[in-house]
Each structure stands twice: as structure tokens, then as C-alpha cells.
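Colleague: Once you've had a glance at the structure underneath, I'll fire off some questions.
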Amino acid sequence: MEIDETATNTTMSTFQFRPNMSTPADEATSLAALLGRESSACLSKPSGIPVMVDWAAKSKTKDGSALQTDDVEKIVEEILNPAKVKTVLQFNKACKVFLEKSPTALDPSSRTSLGSLILNSVAERSNDKTQKQLWPKKSLLKIIEECNVAASSCSSFVQSAIGMKDIDVVRCCVDHMQDIPDYLLTKVLLFYIRHFQGISSNENPESTESIPSLHPASCPVSSVCAQCVNKVLCCPFNDTFIIDNLRQFSFDEAMVLLRYLHFLLSITSASDQDDCIPTLNIVADWISALLDAHFTQLLLSHEARELLAELAQSVQVQESFYTELEAVKTILQSFKDSVSVPVKQQSGSYSIEVLCI
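Under UniProt numbering, the first residue of the sequence shown is numbered 1, with each subsequent residue one higher.
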């Protein structure tokens, strides 16, 4: 503080604050002292470097998990950019890094979302005629198996796999994807039937040359086709919506599926617990939906009459079987009511029993 003594009145001419100067704590030469505040703690160790808050630098200070998350997001951005990932080799390399880092850097929901983005990006590139087609099969299979992707979030990818006629990718989608829409189920069924049975959509719908003859003791389709179709049949579906989608089947395709469902009806038991084999209730639901979707064609077709008659006979056999089970149930219930079953007493670790001789 400097006082101008030459003036008539004592005035304050200048005020200088030098943070670089070392000032004793007992001297009131600081701004805090002039304002009447205690400043001994502040002036004990003055610093020559001003303390500044750098928000840009603050935001860059992240822990290891945040840095890993940023790395994974950059990798995904690179995969989604066709200008950076042009070949299958580049895609496989970036995808390998994503699959290795994402389990620890991302939560499961974020990993699933990014996996869906990658699959949809591949589908978009495969459908775009202006870009070079990219279909990295091995990496796609790993993403489907490890990222827990829902089919409803990447339906375009499933349709692209069907269009590419990639049977391995389609099977992997059915095996590992959840929430498969009804229209995709029917598209996959059509793909399996056409792929394994050699049915073309351009064939005459009244021709039955590609339909194998039905033998009750043997499967009407190949074993590989049966395995693939069983997976689709076991997927949950809506009874109402599936009927509209089943109308996309031609007559020949509907007959192939109906013959196979009839075969399952004759060999399936209600107690079957195998996840790969449809239960009796599932088979009945699919038969009902297929008959409803192609009722007029099946009713007017001479080729379908024999199959429908055999199907009705199989239903009668099943109905008679369950009727007999109801009778057995009644008899067993009467035995249970008439005979007193001894109740097993639950004794603890220590008990005293009195025997009367």
C-alpha cells in the first residue's frame, strides 16, 4: 500500500498485490489483512505458480476402466467405418480386439448393443451394391455366440444371412439369439426347407416331385434338416401372428412342413424333456397354425387328402391314449383313497423309541 503525501488530502493512489513475494505472517500487507481477515494460514507458504482449474485436463483424467471403455468404443467406430475397414482381414483383426476387451471394459447391455450395431453394419454393407461386399463369417459367428444379441435388434442381419444362403450363420442365429420375431421364424423355416429339400419358390406349387413320400416309420426329411427345423419349432411364437406369416409358404413347402409335423406327432411323447425336440403341445400348435394358414389349399388339393386322413388318425390315437390315461388315473386315485399309506416320521439326530413286546 502506498500513500501519496503530496496531495492535500491523504489518498490511496495505487494498490499492488504481489503473490510472488515472501511475506511474513505477522505483517498485514496482504489483501486479506486489509479486509480485516485472518490470513496467516494463507501466507505461510505462498506459491509463485497460480492455481488454475483446467477443465479440459480434468476431463482427461480417467481411471483404467474408463480408458478401456474409450478404447473399445474407438474400435467399434473403426469397425463401423467402411473407409477404415475394407477387407475381411481388417475386420477380423478389429473384431478380435473388441471381443477380447469388451467383457472387462463394458457392461453386458452395452456389449450387446455394440454387437448389434456391428451386425447391422455388416448387413447394410452386404446389401449396398455401391460398396464392396464384406461378409467375415468367422467373426460374425463369434459375435453372435458371445454378445447375447437379440434377433429383434438386428433382424436385417438375419435376413442378410438368409439372402447370402449362409447356413452356418443362420443356424447360429437360431441357436444363440433371443426374441426372434414370428416373421423371421417363418423366413428361416422357408430357408431350411428350400435349402435342404431343393424346393425353389419358382416351381409350380401343384408339383409334388420334390416332396418325399411319407413313411410313418422314417423321417420325411433329412436328419440335418430335421435338426434345424426342430430348433425353429422350439422357439416361442404368437399363435395369431404366425398364421399370417405361414401364408407365405407355397403349397409344396407347406406340405413338406406338414409331413414332418405329422412325423413328429407320431413319435413325440408328452413327457419328452429334450430341448432339441419339440414337445407334443408345440407340435400340435404348429399343425393347427399351418392348417389354418393353408386351409383352402389343403381342402381342395387331392395330394393333401391322404396326408390329412393320416393326420386325423394320428390325432385320434393320441386322444384315445390320453382318454385311457384318464381311466388309469381314476383307478389309481381309488387305490390311493382306500389304502392308507404309512407316513414316514421325520426323526432328528436323536430320538427315543419305545418297543412293546
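The C-beta atom is built at its ideal place from N, Cα and C for all residues, glycine as well.
(1) When the Cα of K137 is compared with those of V170, R259 and A293, which residue comes out closest?
(2) Taking 8 angstroms as the limit between beta carbons, can you name the residues of its chain near C95, skipping five residues before and five after?
(3) Does the Cβ-Cβ distance between L114 and E145 come in under 9 angstroms?
(4) Please identify the residue among I282, P108 and H262 whose C-alpha is closest to the C-alpha of Q316.
(5) For V328, count neighbouring Cβ atoms within 10 angstroms of its own Cβ and tell me buried if that reaches 16, exposed if not.
(6) By how many angstroms is the C-alpha of L99 removed from the C-alpha of I49?
(7) Is it the case that the CB of K329 approaches a heavy atom of the ligand MN more closely than 8 angstroms?
(8) If you draw a straight line from the C-alpha of L189 to the C-alpha of K132, how long is it?
(9) So for A226, helix, strand or coil by DSSP?
(10) If we ignore side chains and look at the alpha-carbon of each, how far apart do I287 and S218 end up?
(11) Comparing alpha-carbon positions, which option in V256, L280, S110 and S121 lies nearest S160?
(12) Which residue spans inside the region 250 to 292 form an unbroken alpha helix (DSSP H) run of at least 4?
(13) Determine the direct distance from the alpha carbon of V88 to that of N81, and round the result to whole angstroms.
(14) Looking at V85 and S116, is the spacing between their C-beta atoms short of 9 angstroms?
(15) Just to confirm my understanding: we take V174, look at its own chain, exclude 5 residues before and 5 after, and list those with CB closer than 8 angstroms. What are they?
(16) So, for F237: in the same chain, excluding its five sequence neighbours on each side, which residues have a beta-carbon less than 7 angstroms away from its beta-carbon?
Modeller: In brief:
(1) V170
(2) I79, I118, P136, S139, K142 and I143
(3) no
(4) H262
(5) exposed
(6) Caution applies to I49, whose pLDDT of 39 falls short of 50 and renders its modelled position unreliable; the model cannot decide the point.
(7) This structure simply doesn't include the ligand MN, nor any ligand for that matter.
(8) 29 angstroms
(9) Correct three-state label for A226: helix.
(10) 19 angstroms
(11) S121
(12) Taking only runs of at least 4 residues, the alpha helix (DSSP H) segments lying wholly in the region 250 to 292 are 251 to 267.
(13) 13 angstroms
(14) Going by C-beta atoms, S116 is not nearer than 9 angstroms to V85.
(15) Closer than 8 angstroms at Cβ, skipping near neighbours: I180, V188, C228, K231, V232 and C235.
(16) D182 and L185
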